[in-house]
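Chemist:
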Amino acid sequence: MRRWVLHIDMDAFYASCEQLTRPTLRGRPVLVGGVSGRGVVAGCSYEARVLGAHSAMPMYQARTLVGYRGVTVAPRAALYKHLSRKAFEVFAEFGGVVEQVSIDEAFLEPEAIQDLEPEQVRTWVEQMRAAVRKRTGLTASVGCGPGKQIAKIGSGLAKPDGVALIPQESLASVIHPLPVGKLWGVGPVTRQKLGQLGIETIGDLAAMTQREVDISLGATVGRALWMMARGHDDRPVEVRKIAKQISAEHTYPKDLTSIPEVDAALERAANDAHRRLLHDGRGARTITVKLKMADFHTESRSATLDYATDNLDTLKAMAKKLLRYPDDVGPIRLVGVGFSGLDQARQDVLFPELDQVVSTERDVDYEAGVRDHHAPIEVVLEQQEQGWKATQDVVHPEFGHGWIQGIGLGKLTVRFETRSTGVGRVKTFDASDPALQPGDPLDSLA
């Protein structure tokens, strides 16, 4: 029987949600992340990717790449969660059991398409994609193959807004020429080891004998990769267990002995864990810092907030408060950061800076200067002005729903628009104007 597994991946999900609800951003390079310029990129539009930006890149570097036409917006978790739920409703209606991988991707193995010919599967998949587009306004790319691995690779080949069907008989022509790093489980270390063996493509790995694989890569992990390279992947599509903790840690070949070295290691671990947290789609209440010393003893310290958050500045500041240095504990060989107490209900607190007191840097104020939709969009880098935040949703009794496009010098520049309005008009207000009130991100879907 011909097996079909689907991997569905919403296209540039965070940035696409922003472009959907803020028409001014359509066609522009969009970066989603901290508008202060610190931290890493949580997501970016295809227009930004063409210019070299990508998720997990330092924000300052991405901003340099996208230039004056680029726009940085703060994440709006409520909006992403809402549109994700709508998309997953469609997945379940069409495909039955849904294995959710993250907020914007999933596996399906629909009974309706098993043993069908590729073009019949394509017709079915296009109907599902059309339903997703109708329900959410967003596009999804879908990979279809005989197992999860091939389906996952297929969705990458299908992007953006496409379908890639890879039946078993097409593996040699479609999958085997791809770099071996495209396989799940092939990270930098394994890729380096394979390169030393002359294995550069998936086809090179598939051509090895089982004995060669067992000797060079191991009978467990190595053989599993080899089987997937050959298209043998019988892992079932099933509901995933919900992770209780998300973490990242790194062991260093040379012990860390100075404050700057340990600070840099904490920054690296926190950024990696935060990227996984955003991918998961939940916020965290508890932050844990793990240190392993040169003598191999381990120390962990934790702190818990009164609310769940995915704000990088807050999470890193809390981690910094928990950190200890070599002067206290001796040389350090491993630094890790973990997030737990995970919750879908993230909360925006009125004064988040109170939990960010470790962060003392401040960016230069810029003056907003947008006059029409053809001009560069200059989102001011200043974080707050009398409680307002750059790119925050607002509402005005006369002009309706909008978002703060520029902020500074006691003034707010607001673009009034929603999903259906087209490019909106810009108005400038005093930051203390009582007519301007915080808005609900979901109202931008109107």
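All residue numbers for the sequence shown refer to UniProt numbering, where the first residue is 1 and numbers rise by one.
For glycine and all other residues, C-beta sits at the position ideal for the given N, C-alpha and C.
What first and last residue would you give for the beta strand (DSSP E) that runs through I199?
Modeler: It is not in any beta strand (DSSP E) - I199 carries neither H nor E in the DSSP assignment.
Chemist: Would you tell me roughly how many angstroms separate the C-alpha atoms of A140 and G33, rounded to the nearest one?
Modeler: In a straight line, the C-alpha of A140 is about 22 Å away from that of G33.
Chemist: Tell me whether F94 sits in a helix, a strand or coil according to DSSP, three-state version.
Modeler: helix
Chemist: Got a sec? Which residues, its chain only, sit under 7 Å from I202 by beta carbon, not counting five neighbours each side?
Modeler: I175, H176, L178, V180, K182, L183 and A229
Chemist: At which residue ranges does the region 298-331 contain complete alpha helix (DSSP H) runs of 4 or more residues, listed in the order of the chain?
Modeler: If we require 4 residues or more, the alpha helix (DSSP H) runs fully inside the region 298-331 come out as 312-322 and 326-329.
Chemist: Whole angstroms are fine: how far does the CA of L334 sit from the CA of Y307?
Modeler: 28 Å
Chemist: With which residues is C44 paired in a DSSP beta bridge?
Modeler: L31
Chemist: Candidates F399, D161, M10 and Q61: which alpha carbon is nearest S84's?
Modeler: M10
Chemist: Opposite T190 in the DSSP bridges: which residues?
Modeler: T190 pairs with nothing; no bridge assigned.
Chemist: For A435 and T418, what's the separation of their Cα atoms in angstroms?
Modeler: 19 Å
Chemist: Our contact map puts K86 next to T21 with C-beta atoms below 8 Å; I'd like the distance itself, whole angstroms only.
Modeler: Between K86 and T21 the beta-carbon gap is near 13 Å, outside 8 Å, which marks them as no contact.
Chemist: Decide if the region 140-151 is in contact with the region 232-240; the criterion is three or more beta carbon pairs, one per stretch, under 8 Å apart.
Modeler: yes
Chemist: Can you give me the Cβ contacts of R324 inside the same chain, cut-off strictly under 6 Å, excluding the 5 residues immediately before and after it?
Modeler: none
Chemist: With DSSP as the reference, label K254 as helix, strand or coil.
Modeler: DSSP places K254 in strand when its eight states are reduced to three.
Chemist: Which partner residues of S141 appear in the DSSP bridge assignment?
Modeler: D9
Chemist: Residues in the same chain with beta-carbon distance under 6 Å from H54, minus the five sequence neighbours each way, listed in chain order, please.
Modeler: none
Chemist: What are the residues that DSSP puts in a beta bridge with Q100?
Modeler: A106
Chemist: Taking 9 Å as the threshold (C-beta atoms), are V40 and H396 in contact?
Modeler: no
Chemist: In the structure shown, what three-state DSSP assignment does residue 456 receive?
Modeler: One cannot answer for residue 456 here, as it falls past the ends of the chain, which runs 1 to 446.
Chemist: Can you tell me whether L315 is buried or exposed? The criterion is at least 16 other CB atoms within 10 Å of its CB, across all chains shown.
Modeler: buried
Chemist: Would you report the Cα separation of T257 and G185, rounded to the nearest angstrom?
Modeler: 32 Å
Chemist: Within 10 angstroms of the Cβ of P253, are there 16 or more other Cβ atoms? Answer buried if so, exposed if not.
Modeler: exposed
Chemist: Thinking C-beta only, is V5 closer than 9 Å to P29?
Modeler: Cβ distance not < 9 Å, so P29 and V5 don't count as in contact.
Chemist: Is the beta carbon of V239 less than 9 Å from the beta carbon of V426?
Modeler: no
Chemist: Report buried or exposed for R211, applying the criterion of at least 16 other Cβ atoms within 10 angstroms of its Cβ.
Modeler: Burial state of R211 is exposed, judged by a 10 Å Cβ sphere holding fewer than 16 other Cβ atoms.
Chemist: Taking Cβ positions, are A270 and A303 nearer each other than 9 Å?
Modeler: Cβ distance not < 9 Å, so A270 and A303 don't count as in contact.
Chemist: With distances taken Cα to Cα, identify the nearest neighbour of L291 among P331, Q196, Q168 and W124.
Modeler: P331
Chemist: By a C-beta neighbour count over all protein chains shown, 10 Å radius and 16 as the cutoff for buried, is E117 buried or exposed?
Modeler: exposed
Chemist: Just mark R250 as buried or exposed, buried being the case when its beta carbon has 16 or more other beta carbons within 10 Å.
Modeler: Note on identity: in this sequence residue 250 is His, with Arg being the wrong assignment. Counting Cβ neighbours within 10 Å, H250 comes out exposed, since fewer than 16 surround it.
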